[in-house]
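K.L.:
I am attaching a structure below and will ask some questions about it afterwards.
Numbering (my numbering), first residue to last: 248 to 682.
This is how it looks when you write it as structure tokens:
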């Protein structure tokens with residue numbers, strides 16, 4: 248059973264230190280980001296005299312821009328050098344960045360915090376390709392799906408806890424000192440954990456890394472070209488990017504859907520986000536617990552079917568719904584049994600997302616050639632970033648077409664149906680070729 252595999256991995260230096268470091272890093276990223284957003288929203292922190300509402304997209308942009316700018320260099324580094332060493336350096340850099348963040352919070356320096364957030368994006372951009380390319384060399388083939396599931400589940404929980412902590416803990420007078428201390432302590436613990444991790448040598452020690460502008464301008468399209476010329480790797484990478492595009496579309500439309508269709512306030516949005524995060528973590532854990540072989544594509548198929556059925560039900564069930572004049576609270580929404588179906592559909596969709604995602608991540612890692620694995624998996628960061636950028640455009644299309652907001656869930660369902668049909672076609676083709 249894969250549950251036994253995960254239990255065994257949690258006692259071994261080739262996985263547990265990485266799991267701890269990644270989980271603490273995800274917590275820190277979101278604790279920092281949401282604390283900064285809360286200060287901008289409720290205490291008016293801003294830069295250059297801009298409207299404080301601009302700080303929210305500005306913070307998101309500061310963290311994601313490095314993915315597009317530095318993924319190509321990060322992929323080369325992950326192929327050239329020991330991947331564990333790269334992750335150790337990244338975690339040490341996190342300590343320095345969290346000290347800078349603490350100074351920014353304590354002395355009320357929003358510009359310094361934005362710069363630090365950008366540098367955190369750079370740190371994550373180098374950490375993730377090293378992590379993803381290290382896993383296949385650290386894990387046996389049958390351990391790859393459970394390992395990815397354990398990481399994905401923990402990351403989702405860490406994101407949730409960090410987001411809640413950053414939003415709530417920053418409000419009291421003692422909130423800023425507490426969050427500043429937490430950021431530094433968690434970074435130190437993550438670095439200490441990473442120091443215990445077993446080595447994971449790079450797959451191409453003779454590779455010449457192109458740094459600077461050349462590494463960004465020239466190597467980014469070259470890296471994507473490598474990925475497109477490896478279709479067995481590119482297919483799961485595109486599946487992962489497609490998922491993040493759908494997720495971004497849902498997250499973007501969720502506040503408007505909650506207010507204008509369900510007639511509920513921001514408390515209900517928070518409940519939906521909580522359900523979505525926990526559901527995605529649960530889906531990852533279920534996949535990791537039940538997968539008995541290295542290939543768990545059937546779980547991606549189940550996930551795609553769930554992402555077809557349940558968003559469709561949300562769209563159809565809420566068509567024609569007329570919100571009241573006053574927005575209802577989370578308590579009122581949850582006590583109305585008519586809304587339980589929506590909650591169930593959202594939870595089931597999130598579980599389906601977790602089931603869909605984990606096998607594709609493991610498949611890309613397993614199929615990527617050792618000497619190019621870092622660059623191929625770094626391409627995933629760029630593709631995911633593009634997906635996350637394109638997803639919110641769904642809202643613009645809906646607005647321009649005068650479609651109801653439920654159309655966003657129809658978009659998710661149609662896209663997932665296409666993914667399910669493609670997976671079925673690939674499974675049948677593989678079965679035919681094996682005969």
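Cβ atoms here follow ideal geometry from the backbone N, Cα and C, with glycine treated the same way.
#1: Assign residue 498 to one of three DSSP states: helix, strand, or coil.
#2: Starting from the C-beta of residue 475, find all residues in its chain whose C-beta is less than 7 Å away, skip the five residues before and the five after it, and write them out in chain order.
#3: Considering just the uninterrupted stretch of the alpha helix (DSSP H) at residue 681, what are its terminal residues?
#4: With DSSP run on the structure shown, which of helix, strand or coil describes residue 417?
#5: With hydrogens ignored, establish whether the beta-carbon of residue 476 is closer than 7 Å to any heavy atom of the ligand FMN.
#6: DSSP three-state call for residue 251: helix, strand or coil?
#7: Taking the alpha helix (DSSP H) that residue 269 falls in, what are its first and last residues?
#8: Assign residue 387 to one of three DSSP states: helix, strand, or coil.
#9: Mind pulling the alpha helix (DSSP H) runs of 4 or more residues that sit fully within the region 403–484?
#10: Residue 575 bridges to which residues according to DSSP?
#11: According to DSSP, is residue 588 helix, strand or coil?
#12: Is residue 324 helix, strand or coil when you go by DSSP?
#13: For residue 467 versus residue 319, is the C-beta spacing smaller than 8 Å?
#14: What did DSSP end up calling residue 376 once you bin it into helix, strand or coil?
#15: Is it right to say residue 254 is buried, meaning 16 or more other beta carbons lie within 10 angstroms of its own, or is it exposed?
#16: How long is the line joining the alpha carbons of residue 370 and residue 663, rounded to whole angstroms?
#17: Please state whether DSSP places residue 257 in a helix, a strand or coil.
#18: May I ask which residues mark the beginning and end of the alpha helix (DSSP H) holding residue 558?
#19: Do residue 531 and residue 632 have their C-beta atoms closer together than 8 Å?
#20: For residue 619, count the other beta carbons within 10 Å of its own beta carbon; 16 or more makes it buried, fewer makes it exposed. Which is it?
#21: With three or more beta-carbon pairs closer than 8 Å as the criterion, would you say the region 612–631 touches the region 377–385?
#22: Helix, strand or coil for residue 205? Go by DSSP, reduced to three states.
#23: Rounded to whole angstroms, what is the Cα-Cα separation between residue 526 and residue 455?
#24: Looking at C-beta atoms only, is the number of pairs between the region 403–419 and the region 268–284 that lie closer than 8 Å three or more?
#25: Can you find at least 3 beta carbon pairs, one from the region 606–615 and one from the region 543–552, that sit closer than 8 Å?
#26: Could you pull out every residue in the same chain whose Cβ sits closer than 7 Å to the Cβ of residue 506, ignoring the five residues on either side in sequence?
#27: For residue 423, collect the residues of the same chain with a Cβ closer than 7 Å to its Cβ; drop the 5 residues on either side in sequence, then sort them by chain order.
#28: Check the C-beta distance from residue 510 over to residue 571 and give it rounded, since I have them as a contact under 8 Å.
#29: Grab me the residues of residue 401's own chain with a C-beta within less than 6 Å of its C-beta, minus the 5 sequence neighbours each way, in chain order.
#30: Do residue 281 and residue 414 come within 8 Å of each other at the CB atom, strictly closer than that value?
P.N.:
Reading it off the structure:
#1: Assigned with DSSP and collapsed to three states, residue 498 falls in helix.
#2: So the qualifying residues of the chain are 481.
#3: Taken as a continuous stretch (DSSP letters only), the alpha helix (DSSP H) holding residue 681 covers 654–681.
#4: Reduced to three states, the DSSP call for residue 417 is coil.
#5: Summarising the ligand content, the structure contains no ligands, and the ligand FMN is consequently not present.
#6: Correct three-state label for residue 251: helix.
#7: Taken as a continuous stretch (DSSP letters only), the alpha helix (DSSP H) holding residue 269 covers 263–290.
#8: Residue 387 falls in the coil class under three-state DSSP.
#9: Listed in chain order, they are 422–441, 459–464 and 466–475.
#10: Paired residues: 511.
#11: If DSSP states are grouped into helix, strand and coil, residue 588 belongs with the helices.
#12: When DSSP states are grouped into helix, strand and coil, residue 324 belongs to the helix group.
#13: A contact, by the Cβ cut-off of 8 Å.
#14: In the three-state reduction of the DSSP assignment, residue 376 falls in the helix class.
#15: Here residue 254 is exposed. Its C-beta has fewer than 16 other C-beta atoms within 10 Å.
#16: One alpha carbon belongs to residue 370, the other to residue 663, and they sit about 32 Å apart.
#17: In this structure, residue 257 counts as coil in the three-state DSSP scheme.
#18: Element bounds for residue 558: 544–565.
#19: In this structure, residue 632 does not lie closer than 8 Å to residue 531 by Cβ.
#20: When all chains shown are included, residue 619 counts as buried.
#21: Touching, yes.
#22: This structure gives no information on residue 205, because the portion of the chain shown stretches from 248 to 682.
#23: Roughly 43 Å between the two C-alpha positions.
#24: A contact exists between the region 403–419 and the region 268–284.
#25: Yes, since at least three Cβ pairs between the region 606–615 and the region 543–552 fall closer than 8 Å, the two stretches touch.
#26: Listed in chain order, the non-local C-beta contacts of residue 506 below 7 Å within the same chain comprise 574, local neighbours out to five positions each way being set aside.
#27: Around residue 423: 352, 353 and 417.
#28: Going by Cβ atoms, the distance from residue 510 to residue 571 rounds to 5 Å, so yes, they are a contact pair.
#29: Around residue 401: 270.
#30: Contact: yes.
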